[in-house]
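Chemist: The sequence shown begins at 8 in our numbering and counts up by one.
Structure in structure tokens, see below.
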Amino acid sequence: MFIYEYKVNPKPQQIVAINEAIRTAQFVRNKVLRFWMDNRGIGKTEMFRYNTSLRKQFKFVEDLNCHACQTAVERVLRAVNRFYDNCKKQKPGKKGYPQFKKHSRSVEYKVSGWKLSDNQKHITFTDKKGIGNLKLIGSRDLNFYSLEQIKRVRIIRRADGYYVQFSIQLDPRDTVEPITPSQKAVGIDVGIKYFLADSQGNIEHNPQFYRSGEQQLNRLNRRKSKKFKRGKPQSKTYHKALIRYARAHLKISRQREEFVKRVALRLIKSNDLVAYENLNVQGMVKNRHLAKSISDAGWSTFRHWLEYFGYKYGKVTVAVAPHNTSQICSNCGEKVQKSLSTRTHVCPHCNYVEDRDINASLNILQRGLSTVGHTGSYKLGEFDPLAGLEQSYSVKIGL
Numbered sequence: 008m009f010i011y012e013y014k015v016n017p018k019p020q021q022i023v024a025i026n027e028a029i030r031t032a033q034f035v036r037n038k039v040l041r042f043w044m045d046n047r048g049i050g051k052t053e054m055f056r057y058n059t060s061l062r063k064q065f066k067f068v069e070d071l072n073c074h075a076c077q078t079a080v081e082r083v084l085r086a087v088n089r090f091y092d093n094c095k096k097q098k099p100g101k102k103g104y105p106q107f108k109k110h111s112r113s114v115e116y117k118v119s120g121w122k123l124s125d126n127q128k129h130i131t132f133t134d135k136k137g138i139g140n141l142k143l144i145g146s147r148d149l150n151f152y153s154l155e156q157i158k159r160v161r162i163i164r165r166a167d168g169y170y171v172q173f174s175i176q177l178d179p180r181d182t183v184e185p186i187t188p189s190q191k192a193v194g195i196d197v198g199i200k201y202f203l204a205d206s207q208g209n210i211e212h213n214p215q216f217y218r219s220g221e222q223q224l225n226r227l228n229r230r231k232s233k234k235f236k237r238g239k240p241q242s243k244t245y246h247k248a249l250i251r252y253a254r255a256h257l258k259i260s261r262q263r264e265e266f267v268k269r270v271a272l273r274l275i276k277s278n279d280l281v282a283y284e285n286l287n288v289q290g291m292v293k294n295r296h297l298a299k300s301i302s303d304a305g306w307s308t309f310r311h312w313l314e315y316f317g318y319k320y321g322k323v324t325v326a327v328a329p330h331n332t333s334q335i336c337s338n339c340g341e342k343v344q345k346s347l348s349t350r351t352h353v354c355p356h357c358n359y360v361e362d363r364d365i366n367a368s369l370n371i372l373q374r375g376l377s378t379v380g381h382t383g384s385y386k387l388g389e390f391d392p393l394a395g396l397e398q399s400y401s402v403k404i405g406l
């Protein structure tokens, strides 16, 4: 799926209609979730039937397109299935029990409830909420795709305005030309001092967008807090201060995502294989001393884009176990204990000296190369390559 996003500038009455549609979708979701909680064990059929009864019972629910109501039910189903999957897999900690939504920011339509203009520059929402016609502001041209390829349309409310997203059924690999193999492989080690260091000796500095904008965020937060009145309706000045604070956060998140996207694309285009650590970021941010720096680095977002671009351009991405990648000497293989503050790797066994992160990236590349050849009939560790010739034939070897 491809997601194309356009900015829209709705009129005041259209903003009221969009917010009403978002609240209605939230209402349907919460009512269906309560129905599931009160009748544990019901399935998808019962949830959709309950959604139909809600449309007959409430006029404002009937005014929303039926497919938009169905997508609200599908969100409940995804939350319930994710909870059961976590329970079956015995995920440590909280299992993600479905929660009620209080501040939803989007409403999603399927193939009905909207209509594009002939030049694909305007969209009209045809349900009874009264959103009407919206001009699409963006550089993407929808004329390249047929209406049958557009599977979902979503209206999103953000701090800086409203957006319309189109989910287009399209394989990302069909949109790019084949890239000539670079015949290179790289291992990358992400960190806090440096954003990453690779096995080729290159270092990408950490821009620390949140740290750079933290002073401004704190100032905007103080202004917002001074205008807050507990137990009373909030004033217009408070809401204006709240929007300014939210926009500052949105700017930082966009800066971070664009940065990791650029770095991931460069790595994928310049290498045929990229090996990286399979980090448990969710567990690492529980360290209160490093949580802010880890979140500011955006490791999870970087991995997401790395894997996406790897699939798009037909490159190999390998996640390896991160254990002892910084402790083992990449030259002789001996383990050299060092604290986190020690930034230079000095091996007493072979006298090899290298930057700590580059030494780790070399170990990551070695593990990635030893893992990628065993991705066929067997997983790594499930077979002995020396047990017999007939067994090795059934294993897919090579890049």
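All C-beta atoms, glycine included, are put in the ideal place defined by N, C-alpha and C.
1. Does L154 pass the burial test, meaning 16 or more other C-beta atoms within 10 Å, or should it be called exposed?
2. Alpha carbons only, please: which of N370, R226, F316 and L249 is nearest the one belonging to F235?
3. Just tell me which of Q97, A86 and Y283 has its CA closest to the CA of H311.
4. So, for I335: in the same chain, excluding its five sequence neighbours on each side, which residues have a beta-carbon less than 6 angstroms away from its beta-carbon?
5. Is DSSP giving E27 helix, strand or coil here?
6. So, are the CB atoms of I157 and I25 less than 8 angstroms apart?
7. So L274 and I195 are supposed to be a Cβ contact under 8 angstroms. How far apart are they, rounded?
8. Start and end of the beta strand (DSSP E) containing E12?
9. Drop a sphere of 10 angstroms on the beta-carbon of P17, count the other beta-carbons inside from all chains shown, and report buried for 16 or more, exposed for fewer.
10. Could you tell me if R374 is buried or exposed, where buried requires 16 or more neighbouring beta carbons within 10 angstroms of its beta carbon?
11. On the DSSP bridge assignment, give the partners of D362 in chain order.
12. Name the DSSP beta bridge partners of Q127, please?
13. Candidates N278, L40, Y116 and D279: which alpha carbon is nearest T133's?
14. Look at the Cβ atom of K128, then the Cβ atom of L143, and state whether they are nearer than 8 angstroms.
15. For Q262, which residues in the same chain have their Cβ closer than 7 angstroms to its Cβ, ignoring the five residues on either side in sequence?
16. The beta strand (DSSP E) spanning Q172 covers which residue range?
17. Helix, strand or coil for V270, going by three-state DSSP, please let me know.
18. For V68 and chain C, any beta-carbon pair shorter than 8 angstroms?
19. Which residue comes first and which comes last in the beta strand (DSSP E) that contains D205?
20. Taking just the CA atoms, how far does C339 sit from R36?
21. Taking buried to mean at least 16 other C-beta atoms within 10 Å of its own C-beta, is K136 buried or exposed?
22. Please report the straight-line C-alpha distance between D412 and I365, rounded to a whole angstrom.
Modeler: Here's the rundown:
1. exposed
2. L249
3. Y283
4. K342 and N370
5. helix
6. no
7. 7 angstroms
8. F9 to V15
9. buried
10. buried
11. T351
12. Answer is none; Q127 lacks a bridge partner.
13. Y116
14. yes
15. F216
16. G168 to I175
17. helix
18. No chain C is part of this structure, which consists of one protein chain only.
19. Y201 to D205
20. 58 angstroms
21. buried
22. Residue 412 lies beyond the stretch modelled for the chain, which goes from 8 to 406, so this question has no answer here.
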